[in-house]
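Take a look at the structure below.
2 protein chains.
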Amino acid sequence: MSVPLPRRGRRSGAQSTRTLILASARKLFSEQGYDAASLRQIARHAGVDAAMVHHFFQNKEELFAACVKLPADPREVLADVMVIPLAGRGAAIVRTLLTFWDSPVQPALLALLRGVVSSRAQAALLREVLSKRIIGAALADLPDDGTAGLRASLVASQLIGLMVSRYVLKLEPLASAPHEEVVRVLGPTLQRYLTGPLD
Amino acid sequence: MSVPLPRRGRRSGAQSTRTLILASARKLFSEQGYDAASLRQIARHAGVDAAMVHHFFQNKEELFAACVKLPADPREVLADVMVIPLAGRGAAIVRTLLTFWDSPVQPALLALLRGVVSSRAQAALLREVLSKRIIGAALADLPDDGTAGLRASLVASQLIGLMVSRYVLKLEPLASAPHEEVVRVLGPTLQRYLTGPLD
Numbered sequence: 043m044s045v046p047l048p049r050r051g052r053r054s055g056a057q058s059t060r061t062l063i064l065a066s067a068r069k070l071f072s073e074q075g076y077d078a079a080s081l082r083q084i085a086r087h088a089g090v091d092a093a094m095v096h097h098f099f100q101n102k103e104e105l106f107a108a109c110v111k112l113p114a115d116p117r118e119v120l121a122d123v124m125v126i127p128l129a130g131r132g133a134a135i136v137r138t139l140l141t142f143w144d145s146p147v148q149p150a151l152l153a154l155l156r157g158v159v160s161s162r163a164q165a166a167l168l169r170e171v172l173s174k175r176i177i178g179a180a181l182a183d184l185p186d187d188g189t190a191g192l193r194a195s196l197v198a199s200q201l202i203g204l205m206v207s208r209y210v211l212k213l214e215p216l217a218s219a220p221h222e223e224v225v226r227v228l229g230p231t232l233q234r235y236l237t238g239p240l241d
Numbered sequence: 043m044s045v046p047l048p049r050r051g052r053r054s055g056a057q058s059t060r061t062l063i064l065a066s067a068r069k070l071f072s073e074q075g076y077d078a079a080s081l082r083q084i085a086r087h088a089g090v091d092a093a094m095v096h097h098f099f100q101n102k103e104e105l106f107a108a109c110v111k112l113p114a115d116p117r118e119v120l121a122d123v124m125v126i127p128l129a130g131r132g133a134a135i136v137r138t139l140l141t142f143w144d145s146p147v148q149p150a151l152l153a154l155l156r157g158v159v160s161s162r163a164q165a166a167l168l169r170e171v172l173s174k175r176i177i178g179a180a181l182a183d184l185p186d187d188g189t190a191g192l193r194a195s196l197v198a199s200q201l202i203g204l205m206v207s208r209y210v211l212k213l214e215p216l217a218s219a220p221h222e223e224v225v226r227v228l229g230p231t232l233q234r235y236l237t238g239p240l241d
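From first to last, the protein sequence lines are chains A and B. Under this note's numbering, think of the first position of the first sequence as 43, with each following residue one higher. Under this note's numbering, think of the first position of the second sequence as 43, with each following residue one higher.
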């Protein structure tokens, strides 16, 4: 077992600069949206040099992920789903979400979900992640007939409902249902939202 | 405009007794569940006479509703839904929920939803309301083939997802979609959860 080094002034200075940048980023991302808020603006708001932002965060995506405390890179999780042909993606999405939640990252995901629902700023941040990063990527290959946006928010609504009822409210019997049962009952819903007739 | 009377000692004494009873009720309802927690236990926990509980709350249901701060009596809201034949109830449930939310009670409902997701005790309380009062009543006439419980929690999952994504996260285009569009796209999902094949 390694003995932790005593904290130095420099270390805690760096920590507080990082915290300052994160606070400014959260504020600007939620006020202006992910696209509009620039790294330069965030640096200026935090009162630091733009190079300092790059010292702590490789790019805007990494800064954003740190803001919402995502326990994993959404693109990696989505990669598993995107290789599934669209016709079977409804079930695949449910299976991926359950595997992701019923894993050691569950506490982090619960904290994220709680924060998002209870804080307006966190909700604005997650709306950005959901619309721009997660849903956008997952639906990139949907036919563009003008329904893609609605389909995306319908998928999100059932997934969010599954997360809240199974993991937060723990509504039985859904909360204890085996993965394959949940996939069987919710898969067709998501499949219809993705590719079926909406009426 | 009427001038408010100055607060008297007796008034604030009554207020704090009521608050004490509510705090004990919240604790016992969430620890033991609605059925197991008795008014007598709640009174004892609050250090007041059982008659005092009845002085403030007509019955256990009323005390419970005050605990979770429901902005309306679920049975009254449900009454409109229960007169709809089961075959058309999916759409009716979505329509009732939207009418209820897009009304002056929305801030109270938002506060309830935020509290439920961010606090474990509030979640336990709402689980009780949902399972015992709301879902139980709404599904009373479902065929009893062993799937009623699962059907109920699936209905709850999509409704909760609709509330969180439309009213908390404000995910577009679902957030601004007219009622009838939401009814058209979500009605079939709820109808399948209620009466359709689950696979």
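Glycine is no exception: its CB is placed at the ideal position from the N, C-alpha and C atoms.
Inter-residue CB distance, residue i and residue j (contact presumed, cutoff 8 angstroms)
i: B:Y76; j: B:E170; result: 4 angstroms
i: A:M194; j: A:I177; result: In the sequence on display, residue 194 of chain A carries Ala and not Met. Yes, A:A194 and A:I177 are in contact; Cβ-Cβ is about 4 angstroms, under 8 angstroms.
i: B:Y209; j: B:W143; result: 6 angstroms
Contact set for residue i: own chain, Cβ-Cβ below 7 angstroms, skip 5 residues either direction
i: A:T59; result: V90, M94
i: A:L168; result: V110, V158
i: A:P113; result: V147, A150, L151
i: B:P220; result: none
i: B:L172; result: A198
i: B:L232; result: G132, I135, V136, V197, Q200
i: A:A166; result: S72
i: B:S207; result: L213, L216
i: B:A92; result: L81, R82, A85
i: A:A15; result: The structure shown does not extend to residue 15 of chain A, since chain A is modelled only from 43 through 241, so no value can be given for it.
Length of the line joining the Cα atoms of residue i and residue j
i: A:G55; j: A:V158; result: 29 angstroms
i: B:T61; j: B:V119; result: 27 angstroms
i: B:A85; j: A:L81; result: 57 angstroms
i: B:L240; j: B:K69; result: 37 angstroms
i: A:V125; j: A:S66; result: 37 angstroms
i: A:A198; j: B:Q74; result: 33 angstroms
i: B:A179; j: B:R117; result: 8 angstroms
i: B:L140; j: A:L211; result: 21 angstroms
i: B:P146; j: B:T138; result: 14 angstroms
i: B:A150; j: A:H97; result: 44 angstroms
i: B:H87; j: B:I63; result: 8 angstroms
i: B:V45; j: B:Q57; result: Low local confidence applies: a pLDDT of 43 at B:V45 is under 50, so the model's placement there is unreliable, with the coordinate-based value given in what follows. Roughly 20 angstroms separates the two Cα atoms.
i: B:G51; j: B:F99; result: Low per-residue confidence applies at B:G51: pLDDT is 43, beneath 50, and the placement is therefore not dependable, though the value from the model is reported in the following sentence. In a straight line, the C-alpha of B:G51 is about 21 angstroms away from that of B:F99.
i: A:K102; j: A:A182; result: 21 angstroms
i: A:L228; j: A:L204; result: 9 angstroms
i: A:Q83; j: A:V123; result: 35 angstroms
i: A:T237; j: B:T237; result: 22 angstroms
i: A:L216; j: B:S218; result: 29 angstroms
i: B:R49; j: B:I202; result: The predicted model places B:R49 with a pLDDT of 44, which falls under 50 and marks its position as unreliable, so this point remains unresolved.
i: A:E104; j: B:D186; result: 51 angstroms
i: B:A121; j: B:G130; result: 15 angstroms
i: A:A79; j: A:L154; result: 22 angstroms
i: A:F106; j: A:D115; result: 11 angstroms
i: B:R156; j: A:E223; result: 29 angstroms
i: A:G188; j: B:G188; result: 40 angstroms
i: B:P230; j: A:P230; result: 11 angstroms
Residues of its chain near residue i, where Cβ-Cβ distance is below 6 angstroms and the 5 sequence neighbours each way are ignored
i: A:S160; result: none
8 angstroms CB neighbourhood of residue i in its chain, flanking five on each side removed
i: B:V225; result: A133, V136, R137, L140
i: A:L192; result: L240
i: B:L128; result: D183, L184, L236, T237
Cutoff 8 angstroms: residue i Cβ touching any chain E Cβ
i: A:R169; result: The structure shown has no chain E; the protein chains it does contain are A and B.
Sequence ranges, alpha helix (DSSP H) only - wholly within the segment 141-165 of chain B, length at least 4: Whole alpha helix (DSSP H) segments, 4+ residues: 148-160.
Output, in sequence order along the chain, the residues in the segment 199-222 of chain B whose CB is closer than 9 angstroms to any CB in chain A. Of all residues in the segment 199-222 of chain B, S199, Q200, L201, I202, G203, L204, M205, V206, S207, R208, V210, L211, K212, L213, E214, P215, L216, A217, A219 have a Cβ within less than 9 angstroms of some Cβ in chain A.
Short of 7 angstroms Cβ to Cβ, which residues in the segment 183-198 of chain A face chain B? Taking 7 angstroms as the Cβ-Cβ cut-off against chain B, the residues of the segment 183-198 of chain A that qualify are G191, L192, S195, L196, A198.
Output needed in chain order: residues of the segment 100-128 of chain A with a Cβ under 7 angstroms from some Cβ in chain B. Taken residue by residue, none of the segment 100-128 of chain A has a beta-carbon sitting less than 7 angstroms from a beta-carbon on chain B.
Only counting runs of 4 or more residues, tell me where the alpha helix (DSSP H) segments fall wholly within the segment 102-128 of chain A, in order along the chain. For the segment 102-128 of chain A, whole alpha helix (DSSP H) runs of length 4 or above, ordered along the chain, are 102-109, 116-124.
In chain order, each beta strand (DSSP E) run of at least 3 residues that lies wholly inside the segment 194-229 of chain B: Runs of the beta strand (DSSP E) inside the segment 194-229 of chain B: none found.
When Cβ atoms are compared, which residues of the segment 67-79 of chain B fall closer than 7 angstroms to chain A? Per Cβ criterion, the list is empty.
Give, in chain order, every residue of the segment 140-161 of chain B whose Cβ lies closer than 9 angstroms to some Cβ of chain A. Legend: CB atoms of the segment 140-161 of chain B lying less than 9 angstroms from CB atoms of chain A belong to residues L155, R156, G157, V158, V159, S160, S161.
Of all the residues that make up the segment 221-238 of chain A, which are near chain B by a beta-carbon distance shorter than 7 angstroms? Within the segment 221-238 of chain A, the qualifying residues are R226, V227, T231.
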